[in-house]
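Peer 1: Residue numbers (UniProt numbering): 1 to 881.
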Amino acid sequence: MAAAAIKPLQSVLSKHKYRRCNKKKKKKYPIFYIFHSPQRNQPFTSLSSGYWRSAGVPYATLICEERTRSIDSEIQDLCLMGNLEEAMKSISSLNYEDFTRLDSETYCYVLQLCSDLGSLHHGSNLHSLISSSRLEMDSNLGSKLVSMYVNCGDLGNGRMLFDRLSFKENPFLWNLLMSAYAKIEEYIETIILFQSMWEHGTNPNSRTFSCVLKCFSALGHLSHGMAVHGYLQKLGLFDNGSAVGNALITMYSKCYCINTAINVFDKMPVKDIISWNSIIHGCVSRGIFNKGLELFSEMLFSGMDIDLATLVSVLPAFAEIGDLAQGRALHGYSIKAGFVKEVNLNNSLLDMYSKCLAVGNSVQIFEKMSGRTIVSWTSMISGYAINAQYEEAISLFEEMEAENMEPDLHFITCALHACACSGSLNHGKHIHDYAIRNGLDSHIFVANALMDMYAKCGNMENARDVFDHTADKDMISWNTLIGGYAKNSLPNEALHLFVKMQLHMQPNSTTMACILRASASLSLLEKGREMHAYIIRVGIQECSFVMNALVDMYSKCGALVLARQLFDLMDFKDIVSWTVVISGYGMHGHGREALAIFKQMRRNGIKPDGVSFVAILYACSHSGLIDEGWRFFNAMRNEYKIEPTIEHYACMVDLLSRAGRLAKAYNFIESMPMVPDATVWGALLCGCRIHRDVELAEKVAERVFELEPENTGYYILLANIYAEAEKWEAVKKLRDSIERKALRKNPGCTWIEVRSKVHIFVAGDKSNSQSKKIEIFLDDVRRRMKEEGYAPKWRYALIDAEDRIKEEALCGHSEKLAIAFGILNTIEGKPIRVAKNLRVCGDCHEVAKFISYMTAREIILRDNKRFHHFQQGRCSCRGYL
Numbered sequence: 001m002a003a004a005a006i007k008p009l010q011s012v013l014s015k016h017k018y019r020r021c022n023k024k025k026k027k028k029y030p031i032f033y034i035f036h037s038p039q040r041n042q043p044f045t046s047l048s049s050g051y052w053r054s055a056g057v058p059y060a061t062l063i064c065e066e067r068t069r070s071i072d073s074e075i076q077d078l079c080l081m082g083n084l085e086e087a088m089k090s091i092s093s094l095n096y097e098d099f100t101r102l103d104s105e106t107y108c109y110v111l112q113l114c115s116d117l118g119s120l121h122h123g124s125n126l127h128s129l130i131s132s133s134r135l136e137m138d139s140n141l142g143s144k145l146v147s148m149y150v151n152c153g154d155l156g157n158g159r160m161l162f163d164r165l166s167f168k169e170n171p172f173l174w175n176l177l178m179s180a181y182a183k184i185e186e187y188i189e190t191i192i193l194f195q196s197m198w199e200h201g202t203n204p205n206s207r208t209f210s211c212v213l214k215c216f217s218a219l220g221h222l223s224h225g226m227a228v229h230g231y232l233q234k235l236g237l238f239d240n241g242s243a244v245g246n247a248l249i250t251m252y253s254k255c256y257c258i259n260t261a262i263n264v265f266d267k268m269p270v271k272d273i274i275s276w277n278s279i280i281h282g283c284v285s286r287g288i289f290n291k292g293l294e295l296f297s298e299m300l301f302s303g304m305d306i307d308l309a310t311l312v313s314v315l316p317a318f319a320e321i322g323d324l325a326q327g328r329a330l331h332g333y334s335i336k337a338g339f340v341k342e343v344n345l346n347n348s349l350l351d352m353y354s355k356c357l358a359v360g361n362s363v364q365i366f367e368k369m370s371g372r373t374i375v376s377w378t379s380m381i382s383g384y385a386i387n388a389q390y391e392e393a394i395s396l397f398e399e400m401e402a403e404n405m406e407p408d409l410h411f412i413t414c415a416l417h418a419c420a421c422s423g424s425l426n427h428g429k430h431i432h433d434y435a436i437r438n439g440l441d442s443h444i445f446v447a448n449a450l451m452d453m454y455a456k457c458g459n460m461e462n463a464r465d466v467f468d469h470t471a472d473k474d475m476i477s478w479n480t481l482i483g484g485y486a487k488n489s490l491p492n493e494a495l496h497l498f499v500k501m502q503l504h505m506q507p508n509s510t511t512m513a514c515i516l517r518a519s520a521s522l523s524l525l526e527k528g529r530e531m532h533a534y535i536i537r538v539g540i541q542e543c544s545f546v547m548n549a550l551v552d553m554y555s556k557c558g559a560l561v562l563a564r565q566l567f568d569l570m571d572f573k574d575i576v577s578w579t580v581v582i583s584g585y586g587m588h589g590h591g592r593e594a595l596a597i598f599k600q601m602r603r604n605g606i607k608p609d610g611v612s613f614v615a616i617l618y619a620c621s622h623s624g625l626i627d628e629g630w631r632f633f634n635a636m637r638n639e640y641k642i643e644p645t646i647e648h649y650a651c652m653v654d655l656l657s658r659a660g661r662l663a664k665a666y667n668f669i670e671s672m673p674m675v676p677d678a679t680v681w682g683a684l685l686c687g688c689r690i691h692r693d694v695e696l697a698e699k700v701a702e703r704v705f706e707l708e709p710e711n712t713g714y715y716i717l718l719a720n721i722y723a724e725a726e727k728w729e730a731v732k733k734l735r736d737s738i739e740r741k742a743l744r745k746n747p748g749c750t751w752i753e754v755r756s757k758v759h760i761f762v763a764g765d766k767s768n769s770q771s772k773k774i775e776i777f778l779d780d781v782r783r784r785m786k787e788e789g790y791a792p793k794w795r796y797a798l799i800d801a802e803d804r805i806k807e808e809a810l811c812g813h814s815e816k817l818a819i820a821f822g823i824l825n826t827i828e829g830k831p832i833r834v835a836k837n838l839r840v841c842g843d844c845h846e847v848a849k850f851i852s853y854m855t856a857r858e859i860i861l862r863d864n865k866r867f868h869h870f871q872q873g874r875c876s877c878r879g880y881l
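1) So the alpha helix (DSSP H) I191 belongs to, where does it begin and stop?
2) Please list, in chain order, all residues of the same chain as R744 whose beta carbon is under 7 Å from its beta carbon, the five residues on each side excluded.
3) When you compare each of R637, M587 and K607 to S624 by their alpha carbons, which one comes out closest?
4) Quick check on DSSP: helix, strand or coil for C688?
5) For M148, is the classification buried or exposed, using 16 other Cβ atoms within 10 angstroms of its Cβ as the cut-off for buried?
6) Is F296 near V314, with beta carbons less than 9 Å apart?
7) CA-CA distance, I130 and N344?
8) Helix, strand or coil, according to DSSP, for F572 in the structure here?
9) Decide if R874 is buried, meaning its Cβ has at least 16 other Cβ atoms within 10 Å, or exposed.
10) Closest to S509 by C-alpha separation, out of N157, C543 and S370, would be which residue?
11) Name, in chain order, the residues that DSSP records as bridge partners for K487.
12) Leaving aside the five residues before and after L617 along the sequence, list all residues of the same chain whose C-beta is less than 8 Å from its C-beta, in chain order.
13) Starting from the C-beta of V312, find all residues in its chain whose C-beta is less than 7 Å away, skip the five residues before and the five after it, and write them out in chain order.
14) For K757, does the three-state DSSP call read helix, strand or coil?
15) Do L145 and residue 911 count as a contact pair if the criterion is CB distance below 9 Å?
16) According to DSSP, what are the bridge partners of Q871?
17) According to the Cβ coordinates, are S92 and I71 closer than 9 Å?
18) Roughly how many angstroms lie between the CA atoms of G484 and S115, to the nearest whole one?
19) Tell me the DSSP secondary structure of R164 in three-state form.
20) Give the single residue among G528, E189, I249 and C255 whose Cα lies nearest to the Cα of N263.
21) Taking only three categories from DSSP, how would you classify D863?
22) Rounded to the nearest angstrom, how far is the Cβ of A486 from that of R517, given a contact under 8 Å?
23) I'd like to confirm the pairing. Which residues does DSSP put opposite K456 in its beta bridges?
24) Which runs of the alpha helix (DSSP H) spanning at least 4 residues fall entirely within the region 722-772, listed in chain order?
25) Just to confirm, are E815 and K836 a CB contact at a threshold of 9 Å?
26) For A317, which residues of its own chain have a beta-carbon under 6 Å away from its beta-carbon, when the five flanking residues on both sides are left out?
27) Among the residues of its own chain, which have a CB less than 6 Å from the CB of L165, if the five just before and after it don't count?
28) For the alpha helix (DSSP H) holding K599, just list the boundary residues, first then last.
29) Looking at C-beta atoms only, is the number of pairs between the region 415-435 and the region 380-392 that lie closer than 8 Å three or more?
30) In terms of residue numbering, what span does the alpha helix (DSSP H) encompassing A835 cover?
31) Could you give the distance in angstroms between the alpha-carbon of N125 and the alpha-carbon of L111?
32) Between the C-alpha atoms of I191 and W276, what's the straight-line distance to the nearest angstrom?
33) CA-CA distance, D474 and Q502?
34) Just to confirm, is the Cβ distance from S756 to E530 under 9 Å?
35) By how many angstroms is the C-alpha of L562 removed from the C-alpha of E846?
36) Could you tell me whether any non-hydrogen atom of the ligand ATP is closer than 8 Å to the CB of T712?
Right, dumping it as structure tokens:
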């Protein structure tokens with residue numbers, strides 16, 4: 001078909017040649033006609049020799065020249081028709097004399113066609129022929145050869161030939177080579193060429209500066225780029241066209257000087273489509289979404305047509321601000337404009353719909369895409385993760401694997417994030433294995449994602465193993481592991497790693513937020529104060545999430561007054577700030593104050609979220625505010641349109657159970673619109689212990705054991721319920737079951753921080769150097785309590801023995817030992833702060849009240865449920881243990 005199209009054109013050209021030769025024949029040389037006759041292919045030597053004899057040298061010379069011009073013309077015509085193969089055949093069929101007589105312009109024609117078609121084979125062959133001839137290498141031919149090599153992808157030979165050229169005055173070749181190096185991201189080599197161009201005396205033009213600015217942009221060399229900008233303004237090249245201005249916009253945007261980029265854009269006398277796209281993309285990529293959208297509106301009002309690059313640049317802005325309606329409008333425009341099959345646009349649409357929580361539209365686009373790239377798969381898995389559809393995200397990884405598509409680093413990190421959020425440890429391990437097989441596990445992005453996945457799945461051993469095998473740990477690596485230890489109730493490991501981290505790098509605000517959490521979980525006020533001092537010293541106290549972490553730390557360390565003072569001093573309070581302080585008041589049993597804070601938050605225009613409601617329901621539960629709790633629970637759905645989650649239902653069960661409304665709590669669970677988990681049933685089981693309902697406890701325990709058969713805590717809780725009811729046979733059976741199943745019991749312990757040193761006590765512990773003094777003190781407390789008419793609560797001894805042995809067991813409880821140690825080792829009048837990893841027992845609660853009365857000291861005891869402030873024989877919990 002191509003040959004048929006070319007044939008008529010060949011015929012026209014042939015006639016044109018004939019007419020040209022015919023006219024010349026009439027004038028003087030009848031022999032010229034023979035070159036276009038059927039006898040043309042006869043040996044030229046015989047013809048020339050014949051005319052040499054008959055017409056003399058001038059005639060033979062003219063014959064050779066005319067023949068050469070004819071061959072030149074034919075080859076050039078073939079090149080104009082794009083017929084490279086025929087052109088090369090014509091050249092190859094020439095004898096040496098003919099070849100050496102060809103005009104250099106003909107070679108330029110052929111080289112240009114090789115360059116256009118990317119035919120390195122023919123181009124290099126022609127270069128070899130030219131080199132073997134006596135043809136002088138002029139500037140035009142040299143340029144075409146270099147251009148051919150560069151455009152055909154052989155930059156090495158192109159550069160070698162360029163270096164041998166003696167004529168380099170034309171900036172075209174310099175620009176060509178510089179652009180080629182920049183295209184393959186050899187930015188340093190591009191800049192070296194630019195310097196050589198100056199040294200050679202060749203004046204750079206706007207294209208040269210555009211290329212160099214792109215290199216400075218990619219390298220982040222802002223100062224060099226600014227120097228070029230100043231030189232351009234001095235020369236007046238900035239006003240000659242938009243290419244340099246566009247390069248400056250890109251350079252300043254990538255170097256985080258977006259205001260300067262906007263200033264350059266505003267001063268540009270001529271703005272083309274690339275100018276608008278560059279500044280819009282710069283604003284959006286730097287997170288200035290509103291400015292990007294404002295410029296997009298100006299572009300539309302200016303009458304400039306938007307193209308594919310415009311759509312790809314502006315869609316992320318609508319994605320980030322969640323403007324689904326405008327995103328859909330652009331999608332509709334792209335369909336009308338015929339861009340709907342463009343992969344880059346579809347990838348941007350995937351991202352936009354996902355971030356606007358319309359993942360269904362993302363799925364539709366993804367399924368219709370014909371040429372999916374790795375970016376498409378990554379956008380889709382990221383969309384699933386954003387919309388909390390973690391199972392679908394994991395399935396997408398498996399689908400991609402089945403299609404033999406090779407995931408990149410970003411895709412793997414997204415897949416690991418989905419595993420982390422869903423707690424899918426097995427899938428996470430599978431992805432880890434894949435990363436190892438493909439040599440991706442050592443990359444810092446993947447290593448950090450693996451640590452995060454293992455930490456969130458509760459497997460800190462594997463998280464630490466990945467950390468230890470990561471060669472170039474960055475700030476995220478350290479923060480991920482420290483945060484993982486803090487979240488997984490391993491605060492000591494977090495503190496030890498924090499000390500080690502300081503030997504390698506300075507902690508940042510994220511580190512401090514994590515380490516404050518560790519200090520808070522241990523209720524170590526002195527350690528928390530040390531961290532606070534460090535934060536002030538390094539100047540990160542203005543960071544909002546660090547301030548939130550400080551408020552949380554002081555609350556959980558029993559210093560509620562300090563927490564409130566910090567909260568009041570905060571210039572900016574987000575929803576987390578309010579939630580933290582509400583939670584703090586609730587934890588300390590100040591439910592009414594928590595309600596007041598919640599109302600103040602609403603007056604300040606802060607809309608509560610699901611976490612805020614967990615905090616306020618928790619506060620109601622620990623203060624016995626049943627009616628208020630119900631009101632907040634109903635307001636969630638009706639007023640704030642927040643659907644209650646399993647955490648909210650667990651809070652309501654706890655609220656009812658603590659108040660003794662066990663039957664109502666049980667019915668509430670049965671009416672839940674979702675399947676209750678162990679935390680919900682566990683809240684009711686705790687209520688059964690408080691109110692000593694053994695029958696219901698057995699019924700509830702069956703449900704709990706089905707859901708979490710390996711959670712020792714629930715077995716111990718039921719055993720304590722039996723022990724308090726003196727059902728010793730049932731206690732023995734349950735403890736035998738624990739041993740038979742090889743379940744690990746979490747031993748109760750209490751600790752106290754005195755003069756920056758932590759002292760830990762367990763029940764019956766006599767290893768402390770002051771054990772004798774502690775025993776004497778507690779004996780005195782017991783004696784004085786009896787004098788006041790107090791009878792020990794034998795049921796909390798949890799053993800079947802004589803009263804004397806039970807009393808000794810009660811005296812050896814870890815919280816009593818820690819409180820006694822604190823009284824003996826702190827100055828008079830100073831509050832005693834102790835923390836216990838389990839719930840405080842009823843007898844220890846009564847003893848703590850008496851000690852606070854006897855010594856006129858405030859005792860702040862934190863157990864695994866709440867805070868107890870003992871003062872003058874009273875407790876802040878008011879019986880809501």
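Backbone N, C-alpha and C fix where the C-beta goes; we use that ideal spot for every residue, glycine too.
Quick caveat: nothing in here was measured; it's all calculated off a predicted structure.
Peer 2: Concretely, from the data shown:
1) Y187 to H200
2) T712
3) A quick correction: the sequence has Gly, not Ser, at residue 624. The candidate whose alpha carbon is nearest that of G624 is M587.
4) helix
5) buried
6) yes
7) 44 Å
8) coil
9) exposed
10) C543
11) None, per the DSSP bridge assignment.
12) G629, F632, F633, H648, C651, M652 and L655
13) N344, L345 and S348
14) strand
15) No statement about residue 911 is possible, as the shown extent of the chain runs from 1 to 881 and does not include it.
16) R874
17) no
18) 58 Å
19) helix
20) I249
21) coil
22) 4 Å
23) Paired residue(s): none; K456 is not in a bridge.
24) 728-740
25) yes
26) V284, F289, G292 and L293
27) G142
28) G591 to R603
29) yes
30) From DSSP, A835 is part of no alpha helix (DSSP H) but of the beta strand (DSSP E) over I832 to K836.
31) 10 Å
32) 27 Å
33) 13 Å
34) yes
35) 27 Å
36) Inclusion of the ligand ATP in the displayed structure is not the case, the ligand content being empty and no account of it being possible.
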